[in-house]
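Chemist: Right, I'll just put the structure down here and ask away after.
Residue numbers (this note's numbering), protein chains in the order written: chain A, 353 to 768; chain B, 353 to 768.
Spelled out as C-alpha cells, the structure:
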C-alpha cells in the first residue's frame, strides 16, 4: 500500500459528469490535503470544465485525458476516484489496482458475477485499497441507527427494507441529451440496477461479511410504463424512445435471505411520479425504525395506550444516540452535499489512505452489494426464481477480524 | 336465493369470541331489520353471554348451540355469519351453502387450494350467497383511493404494497388463556397467514377477477424470535411455549405477479414491537398514495420544487373524491367499530340479501384472496419458489359481467 501514512493525497478523477464535477469541487473546497492533479472523461468539454474549476480554486493545472488508462500511467497519482457511468466502475477499479493506484468508485451495480470475483481477486493479489463511495452509509440517520443497534436498542435484528424511490423519468428520458448512462441501462436491463443506497447501510447493520452473509435472492419486476408516458406527455409522441419498449420494470422488488435468518426487501422505483425516499425500515425484537414515518418505536420505552403503539420522532434520540463520527462532524461543521454524507464518505477513503488503514467499505462489501444487480436480472429473467448470492469472502465472513477503522467505522463490531 | 327481496333478515352467529360478540352487538344496535335468532360456539359460556346480549338489547331469546351444524337445520335462519376461528371458515361456508343458508365469514386464509375450489364449486352449484367480510375494503381511505382510480387520478396502475403490521405478541402468547386461534397457527404454519386486509382493497383497485388476475407468488419468511422473547420477558422462562420453536417467521414477505404486469408486495408482521399499519401503497403512472405518509402525490397537480416532490395529505382530496358510499355514510352518521367499516361490510351483506343482488366480495374474490395463505406456505417450504395462483373463475375473469351492486360496489367497472 504505497499510500500508507502519506499526508497529502494526489487524486485523479475519472468521470466528470454532474456527479463527478460535484464531488471534485467538494474536495477542492473542503480538503486542503487533497490535490486534484489529473482528470479524465470521454467528453473533452467536461475535462476542460473540470480543469478550469481546479485552476480557479487551487491554482494548479491538472493533466487532462479522454481515457482513464492514461491517468493510471502517471506516477504522481496516488488515488483515482471514478464517478463515471455504471459500465466503467469495474474496469477502472480493476485497472487502477493493477497499476498500484488506490481507487474509489461511485455506486452502481455489477453486470456479471465474474467481474465481482475479478475485483475481489485483484484486490487480494495486489493489496491495493479499493472502496465503494456509498454515501448513504454515512447518512446521519443511518449512522444513528447503526449506533442504536450497537447499544442494543433494536434487540436481535429480524428484517429490513429499503429502496431507491426517486422520480428520475426526466433524467432517463433525456439521457442522450444529458449524456447519462441510465437511459441505456433502462432500455436493456430488467433488474435491481441501483441497490446500494439502501443495501449498504442495511448490510452494515446486519454485519454482512462480518459474521453474517446474504444467501440468496429473488426479484420481481412490474410492467414498464412510466418513462414512455413521461416522454409522450412532455416531449411528444415523436420524441426518441416514445414508443421504445423499455426493459426495466417501473418497480422492481428484490427479497434477500441472510445466513442468520434475516430478510431484506429492496425496491427500485424511479420511473413513476413520487416524492423521494430510500424507504428504510429496520425491525428487531425490541424496536423499529421507519424512514417514511421519521419514526421509531422501542418496546417498553416508547409510549403506548393498550394496542395503540405511538411512533416517536427519531430526532428525539439523536442527542443520546448520535454516532461518534456525527458528533464530531456537527462540532466540526457539516460540509458538502447530500446532508454531509458525500464529505464523510470521501474523507473515509482519503484518511484510510493517509493512515494506512483498511477502507470501511471494502472489496467484499463492494462485490456482495454490487452483485445484487446482475443476480436480480437473472432472477427476473427466470420468472422470479431464487438465485444464490456468492460468498465472495470464501468463508472468511464467519470470523473476519474487526476492521479497526477508527472514526469512519461502519461495522457493528468495531470499537468506535 | 331464498332470501331475495326479503325485508327482515334472520341471522345466526357462529363463533362468539371477542370479534363475534363485537359484530353481533353492532348489528343489534344499528340494524333493526336484522334479527339475531340463533347462536353457536364451541364454548357454552360464550353462547350464554351472547344470548344475554340479544335478550337485553332486543327482547328475543335466540337458540344456542355448541355446534354450528345444528343452526343450519333451523328453517327460520336466513343467513349465518361466522366470526369463528380460521380453521372453521371454510367448513361453515360450505355446510351453510349446502343447507341453503346465505353465509358471510370473517377473514383469514385457506389451508389448502382444494377447499378454495370446494367453495367455488359449492357456490356455483347451489347459487347460495357467500361473502367474505373484508372490512378494510370499506375503509374510508381505501374507498377514496378506489374512487380516485376510477376518476383516472393514478393513471395506469403499476404496483401496490400492503401489510398486516400489528404487534400481536400478547394475543399470540396468551392464546390458550384467550382461547385464540392465532397461537396454534403460529406454532405450526409458516406463511402469509392473514393477507386479506391489504389484498382485498388492492384486488379491487387492480380489478382482480374482473379483467385481471393474480398469476403467481413467492414468499419469504424471516426467522422467528418475537413471541418467544415476549413470553420470556413478560411471563418468564417457565411459561408455556417460552422455548417452543414457532413455525411462523416474524416477518413474511409475499410478492404477487398479475396478468397485466402489476406487482403486489404483502407483509405479515405481527410478532415484533411496532405501531399498527396496513402499509398500503399504490403507484400508477400519474400518482402515488402511501398510507404511512397519509400522503399522495399526483403528477402535474401536487407541488414540486425541481427534484423535490412534495407529499400532500390525502385528506385534502376527501371532499372532492370521497366515494359515494362514504358520502352517504357521513350524511347518515358513521356507526360501528374500526372507523365505520365493520358496519358497511355487514350492511353490504345484509342488503345484498334484501335486494337479491350479488355480494360485492364474492366467491371468486374469497377463493383468490384466501388461497394466498396456503400458497405462501408452499412457496416458503420450497425455499421461496414461485407457485402458481389458480384461476378460480376458470377463465371468466377476462370478461365477467359488471356486478351491478349499487352503493356497496367495490369494483372499478361498477357504476356507482
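Yeah, the Cβ is synthetic: ideal placement off N, Cα and C, and Gly gets one too.
Going by alpha carbons, who is nearest to residue 494 of chain A out of A/622, A/670, A/415, A/530?
Modeler: Answer by Cα proximity: A/670.
Chemist: With a threshold of 9 Å between beta-carbons, can residue 644 of chain B be considered close to chain A, or not?
Modeler: Answer yes: the Cβ-Cβ gap between residue 644 of chain B and chain A drops below 9 Å somewhere.
Chemist: Residue 597 of chain A: buried (16+ other C-beta within 10 angstroms of its C-beta) or exposed?
Modeler: With fewer than 16 Cβ atoms within 10 Å of its Cβ, residue 597 of chain A is classed as exposed.
Chemist: Could you give the uninterrupted runs of the alpha helix (DSSP H) lying entirely in the segment 623-680 of chain A, keeping only those of 4 residues or more?
Modeler: Counting whole runs of 4 or more residues, the segment 623-680 of chain A contains the alpha helix (DSSP H) stretches 670-673.
Chemist: Would you mind telling me which residues of chain B sit closer than 7 Å to residue 613 of chain A, beta carbon to beta carbon, in chain order?
Modeler: Correct list: 574, 575.
Chemist: Relative to the C-alpha of residue 516 of chain B, which residue among B/390, B/604, B/642 is closest?
Modeler: Here the closest residue by C-alpha is B/604.
Chemist: Please determine, among B/547, B/568, B/523, the residue with the shortest C-alpha to C-alpha distance to residue 536 of chain B.
Modeler: Minimum Cα distance to residue 536 of chain B is reached at B/523.
Chemist: Tell me whether residue 429 of chain A sits in a helix, a strand or coil according to DSSP, three-state version.
Modeler: Residue 429 of chain A falls in the coil class under three-state DSSP.
Chemist: Just confirm the distance between the C-beta atoms of residue 760 of chain A and residue 703 of chain A, as a whole number of angstroms; I'd bet it's less than 8 Å.
Modeler: The Cβ separation is near 7 Å, so the contact holds.
Chemist: Spell out a yes or no on whether the segment 566-577 of chain A and the segment 609-621 of chain B are touching, meaning 3 or more CB-CB pairs, one atom from each, closer than 8 Å.
Modeler: Output reads yes: the segment 609-621 of chain B touches the segment 566-577 of chain A.
Chemist: What residues in the segment 508-541 of chain B bring their beta carbon closer than 7 Å to a beta carbon of chain A?
Modeler: Within the segment 508-541 of chain B, the residues whose Cβ lies closer than 7 Å to some Cβ of chain A are 508, 510, 511, 519, listed in chain order.
Chemist: Output, in chain order, the set of chain B residues within a Cβ distance shorter than 8 Å of residue 663 of chain A.
Modeler: Simply 627.
Chemist: Quick one: is residue 603 of chain A near chain B, going by C-beta distance under 9 Å?
Modeler: Chain B contact via Cβ: present.
Chemist: What do you reckon, are the CB atoms on residue 464 of chain A and residue 420 of chain A nearer than 9 Å?
Modeler: Cβ atoms of residue 464 of chain A and residue 420 of chain A: not closer than 9 Å.
Chemist: When the Cα atoms are used, what is the spatial distance from residue 383 of chain B to residue 593 of chain B?
Modeler: Residue 383 of chain B and residue 593 of chain B: Cα-Cα distance of roughly 42 Å.
Chemist: Around the C-beta of residue 734 of chain B, are 16 or more other C-beta atoms found within 10 angstroms, so that it is buried, or is it exposed?
Modeler: Exposed, because fewer than 16 other Cβ atoms sit within 10 Å of the Cβ of residue 734 of chain B.
Chemist: Tell me, which residues are paired with residue 390 of chain A by DSSP?
Modeler: The partner list for residue 390 of chain A (beta bridge, DSSP) reads A/364, A/415.
Chemist: Assign residue 503 of chain A to buried or exposed, taking buried as 16 or more other Cβ atoms, counted over all protein chains shown, within 10 Å of its Cβ.
Modeler: The residue is exposed, with fewer than 16 neighbouring Cβ atoms inside 10 Å.
Chemist: For chain B, is any of its Cβ atoms less than 9 Å away from the one on residue 715 of chain A?
Modeler: Not an interface residue.
Chemist: Once the 5 residues before and after residue 521 of chain A are set aside, which same chain residues still bring their CB inside 7 Å of it?
Modeler: Once the five neighbours on either side are set aside, the close Cβ partners of residue 521 of chain A are 578, 579, 582, 623.
Chemist: Could you run through the segment 452-486 of chain A and flag, in chain order, every residue whose CB is less than 8 Å away from some CB of chain B?
Modeler: For the segment 452-486 of chain A, which is checked against every Cβ of chain B, not one residue is closer than 8 Å.
Chemist: So what does DSSP say about residue 344 of chain A, is it helix, strand or coil?
Modeler: Beyond the ends of chain A as shown, which are 353 and 768, falls residue 344 of chain A; an answer cannot be given.
Chemist: When the Cβ atoms of the segment 453-464 of chain A are set against those of the segment 430-439 of chain A, are three or more pairs found closer than 8 Å?
Modeler: The segment 453-464 of chain A vs the segment 430-439 of chain A: in contact.
Chemist: Once the 5 residues before and after residue 564 of chain A are set aside, which same chain residues still bring their CB inside 6 Å of it?
Modeler: So the qualifying residues of the chain are 558, 610, 611, 612.
Chemist: Could you tell me whether any Cβ in chain A is nearer than 9 Å to the Cβ of residue 559 of chain B?
Modeler: Closer than 9 Å: no.
Chemist: Terminal residues of the continuous beta strand (DSSP E) containing residue 512 of chain A?
Modeler: Note, residue 512 of chain A: beta strand (DSSP E), 509-517.
Chemist: Flag residue 581 of chain B as yes if its beta-carbon sits less than 9 Å from any beta-carbon of chain A, otherwise no.
Modeler: Yes, residue 581 of chain B lies at the interface with chain A (some Cβ there is under 9 Å from its Cβ).
Chemist: Would you please state the rounded distance, in angstroms, between the beta carbons of residue 571 of chain A and residue 389 of chain A? I believe it to be under 8 Å.
Modeler: Wrong, their Cβ atoms sit about 42 Å apart, outside the cutoff.
Chemist: Note down the Cα distance separating residue 368 of chain B from residue 600 of chain A, rounded to an integer number of angstroms.
Modeler: Residue 368 of chain B and residue 600 of chain A: Cα-Cα distance of roughly 50 Å.
Chemist: Secondary structure at residue 693 of chain A, three-state DSSP: helix, strand or coil?
Modeler: If DSSP states are grouped into helix, strand and coil, residue 693 of chain A belongs with the helices.
Chemist: Does residue 694 of chain B get closer than 9 Å to chain A when you measure Cβ to Cβ?
Modeler: With 9 Å as the cut-off, residue 694 of chain B does not count as an interface residue toward chain A.
Chemist: Can you look up residue 338 of chain B in the DSSP assignment and give me helix, strand or coil?
Modeler: Nothing about residue 338 of chain B can be reported from this structure: the residues present for chain B run from 353 to 768 only.
Chemist: May I ask you to verify whether the segment 673-683 of chain A touches the segment 485-499 of chain A, counting CB pairs closer than 8 Å and requiring at least 3?
Modeler: As far as the Cβ criterion goes, the segment 673-683 of chain A touches the segment 485-499 of chain A, which means the pair count is three or higher.
Chemist: Using CA atoms only, rank isn't needed, just tell me which of B/470, B/721, B/688 is closest to residue 608 of chain B.
Modeler: The option with the nearest alpha carbon to residue 608 of chain B is B/721.
Chemist: On a Cα-Cα basis, can you pick out the residue from B/606, B/673, B/449, B/370 that is closest to residue 544 of chain B?
Modeler: It is B/606 whose Cα lies nearest to the Cα of residue 544 of chain B.
Chemist: So, does the segment 505-519 of chain B touch the segment 682-700 of chain B, judging by three or more C-beta pairs under 8 Å?
Modeler: Contact between the segment 505-519 of chain B and the segment 682-700 of chain B is absent, because fewer than three Cβ pairs lie under 8 Å.
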